[in-house]
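A.B. asks:
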Amino acid sequence: MAKGEGAESSSAAGLLPTGILQPGERPAQVKKEPKKKQQLSICNKLCYAVGGAPYQVTGCALGFFLQIYLLDVALVTPFSASIILFVGRAWDAVTDPLVGFCISKSPWTQLGRLMPWIIFSTPLAVIAYFLIWFVPDFSQGQTLWYLIFYCLFETLVTCFHVPYSALTMFISTEQSERDSATAYRMTVEVLGTVLGTAIQGQIVGQANAPCLHYPNESSLAPESANRTHSTTSLKQTQNAYLLAAGVIASIYVICAIILTLGVREQREPYEAQKTEQMSFVRGLRLVMSHGPYVKLIAGFLFTSLAFMLVEGNFALFCTYTLGFPNEFQNLLLAIMLSATFTIPIWQWFLTRFGKKTAVYVGISSAVPFLILVALMESNLFVTYVVAIAAGVSVAAAFLLPWSMLPDVIDDFHLKHPNCHDSEPIFFSFYVFFTKFASGVSLGISTLSLDFAGYKPRGCSQPSLVKFTLKMLVTMAPIIFILLGLFLFKLYPINEEKRRQNKKALQALQDEASSSACSDSDSTELASIL
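Sequential numbering from 4 applies to the sequence shown in our numbering.
#1: Is Ile-391 close to the ligand MN? I mean its beta-carbon at under 7 Å from any heavy atom of the ligand.
#2: Return the chain-ordered list of same chain residues with a C-beta closer than 6 Å to the C-beta of Glu-11, the five sequence neighbours on each side being excluded.
#3: At what residues does the alpha helix (DSSP H) containing Ser-406 begin and finish?
#4: With a cut-off of 8 Å, does the C-beta of Ala-337 fall near any C-beta of chain D?
#5: Report the rounded CA-to-CA distance for Tyr-433 versus Ile-300, giving the unit in angstroms.
#6: Tell me the DSSP secondary structure of Thr-200 in three-state form.
#7: Going by the beta-carbon positions, is the gap between Tyr-132 and Ala-252 smaller than 8 Å?
#8: Quick one: what does DSSP say Gly-144 is sitting in, helix, strand or coil?
#9: How long is the line joining the alpha carbons of Ala-309 and Thr-477, rounded to whole angstroms?
#10: Can you look up Thr-112 in the DSSP assignment and give me helix, strand or coil?
#11: If you draw a straight line from the alpha carbon of Leu-49 to that of Ala-400, how long is it in whole angstroms?
#12: Got a sec, what are the start and stop residues for the alpha helix (DSSP H) Pro-465 sits in?
#13: Helix, strand or coil: which one does DSSP assign to Val-138?
#14: Are the beta-carbon atoms of Thr-171 and Ala-184 separated by less than 8 Å?
#15: Can you tell me where the alpha helix (DSSP H) with Arg-355 in it begins and where it stops?
#16: Our contact map puts Leu-159 next to Ser-124 with C-beta atoms below 8 Å; I'd like the distance itself, whole angstroms only.
#17: Does the Cβ of Thr-112 have 16 or more other Cβ atoms within 10 Å, making it buried, or fewer, making it exposed?
#18: Which same chain residues end up closer than 6 Å to Phe-152 when comparing Cβ atoms and leaving out the 5 residues on each side of it in sequence?
#19: With a CB to CB cut of under 7 Å and the five nearest residues on each side skipped, what residues in its chain are close to Met-339?
#20: From Pro-166 to Val-411, what does the alpha carbon distance come to, in whole angstroms?
#21: Check this for me: beta carbons of Ser-441 and Asn-316, under 8 Å apart or not?
#22: Any contact between the stretch 385 to 393 and the stretch 367 to 375? By contact I mean 3 or more CB pairs, one from each, below 8 Å.
#23: What does a CB cutoff of less than 6 Å around Gln-269 pick up in its chain, not counting 5 residues either side in sequence?
#24: Mapping the DSSP letters down to three states, classify Val-76 as helix, strand or coil.
#25: If I measure Cβ to Cβ from Pro-100 and keep anything under 8 Å in the same chain, skipping five residues before and after, which residues do I get?
#26: For Ser-368, which of Ile-86, Lys-492, Val-389 has the nearest alpha-carbon?
#27: Tell me the rounded alpha-carbon separation between Ala-361 and Ala-337.
#28: Nearest to Ser-463 by alpha carbon, out of His-419, Gly-326, Tyr-363?
#29: So, helix, strand or coil for Arg-267, using DSSP?
#30: Please report the distance separating the alpha-carbon of His-419 from that of His-293.
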């Protein structure tokens with residue numbers, strides 16, 4: 004390498020007229036600095052990781068508590084609640100590719116291309132989130148109220164999360180650094196779910212409104228129930244939800260500030276040389292025809308659907324099927340704490356044994372515990388043991404999708420080296436499919452509770468409702484997990500393929516850097532002349 008540099012310097016000096024050099028003066032040599040690996044400091048990784056907390060804190064609160072809030076606190080009918088949940092999630096899914104398209108067309112600024120979206124969406128998202136948990140005085144348009152602000156919040160949080168997800172590819176050019184930052188991010192995101200569960204669950208759990216005793220099983224109208232002192236208690240519960248929303252909104256703002264101040268968005272070295280501006284339609288066609296991407300999202304579509312079914316119906320399942328109405332928030336906390344502590348273990352596991360192996364072991368580990376929940380009688384101690392064990396699988400479900408998606412994007416870049424600005428499309432459409440599926444699952448599950456005869460705020464539920472909740476939390480997720488694991492068999496990027504892609508991508512980056520250095524040498528030579 005040094006020999007090559009000396010030869011280049013001598014050649015450059017030979018181009019100079021001899022009259023320019025004074026006697027005894029040696030020609031100036033153009034020095035090239037050796038390429039350094041782009042290392043991220045722990046502070047950078049932590050600031051980047053903190054940016055994932057707002058989406059998880061708010062998503063956890065909405066995922067675990069919105070269904071029971073609409074049914075038992077806002078007193079929305081099960082049919083209307085199913086409409087709100089389905090349309091809100093479906094709209095959220097549609098906004099992901101739209102936001103991804105807008106981001107891919109955004110110009111680079113001093114803050115980058117992604118950061119302005121994060122900064123300007125934050126204050127509006129916080130306001131919309133707070134209004135979701137506000138019960139308006141009018142009852143006629145309640146469904147429209149929740150539908151509007153739920154959709155508005157999901158749109159604004161998408162403007163935060165899609166660019167944040169794509170930021171993974173722009174914090175470093177080193178794959179190992181991106182994987183390490185992703186592990187930091189997943190740890191903080193699981194901590195965010197713990198925080199969301201703790202804040203929402205513990206604050207709301209202290210102000211549970213009393214249940215209603217229905218005079219007969221066929222009556223579903225709350226007006227026929229005994230409402231002694233229930234109005235005051237219900238108002239206290241509504242205020243508790245508002246307090247929890249205010250605390251979570253404050254966390255959202257603080258995390259967004261830390262992310263903005265602590266992370267610098269960077270371009271890929273070869274991006275500055277791009278010769279082809281890819282349209283959204285062409286980019287979408289290329290992305291959706293990329294085999295590894297299609298297989299990855301198909302597998303995670305079913306596994307994510309399994310965990311979302313558990314998340315959306317867990318509160319009602321604990322309250323009415325297991326008979327632990329005052330323990331479900333503590334059970335959620337046990338699951339999330341277990342997931343938090345096992346994230347580093349899964350990071351070590353996937354590094355040691357590979358990501359596909361981690362998928363099979365991690366996600367399939369939830370199946371025995373779901374079977375146990377389906378078969379066992381209501382027992383609080385056993386339920387806590389199952390919850391802690393299930394957290395291990397939840398950690399794998401959190402970490403692996405976001406750790407494997409950059410590998411797919413790298414593979415795409417190697418096959419289409421002149422096509423850039425595709426990262427938002429990859430991330431947004433991955434989120435699109437998972438969110439749309441979750442919207443369908445939540446809408447159908449809530450509607451099935453309506454058909455089963457769900458009683459809002461009832462002290463007990465019909466046996467058909469309890470059986471429906473058990474199927475939604477146990478058997479349906481098991482089927483989806485098995486389907487997802489079968490599809491992962493078709494995923495082609497194993498550890499050997501990943502190492503080959505890493506070497507090829509490094510060669511591409513070195514070539515781009517060498518070309519940039521050649522341009523710099525020419526400029527310096529012209530200055531000397």
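Here a beta-carbon is modelled for each residue, glycine too, at the ideal position from N, C-alpha and C. Keep in mind that this is a model prediction, so the values were computed, not measured.
C.D. replies: Taking the coordinates as given:
#1: This structure simply doesn't include the ligand MN, nor any ligand for that matter.
#2: The pLDDT assigned to Glu-11 is 38, lower than 50, so where the model puts this residue is not dependable; a value taken from the coordinates is nonetheless given after this. Counting only Cβ-Cβ distances below 6 Å, and skipping sequence neighbours, we find nothing.
#3: 383 to 418
#4: Of the chains in the structure shown, none is chain D; there is only one protein chain.
#5: 6 Å
#6: helix
#7: yes
#8: coil
#9: 9 Å
#10: strand
#11: 21 Å
#12: Neither: Pro-465 is in no alpha helix (DSSP H) and is coded neither H nor E.
#13: coil
#14: yes
#15: 331 to 356
#16: 5 Å
#17: exposed
#18: Ala-131, Leu-134, Ile-135
#19: Val-193, Thr-196, Val-197, Thr-200, Gly-394
#20: 18 Å
#21: no
#22: yes
#23: Phe-173
#24: coil
#25: Leu-287, Ile-428, Ser-431, Phe-432, Phe-435
#26: Val-389
#27: 22 Å
#28: Gly-326
#29: coil
#30: 10 Å
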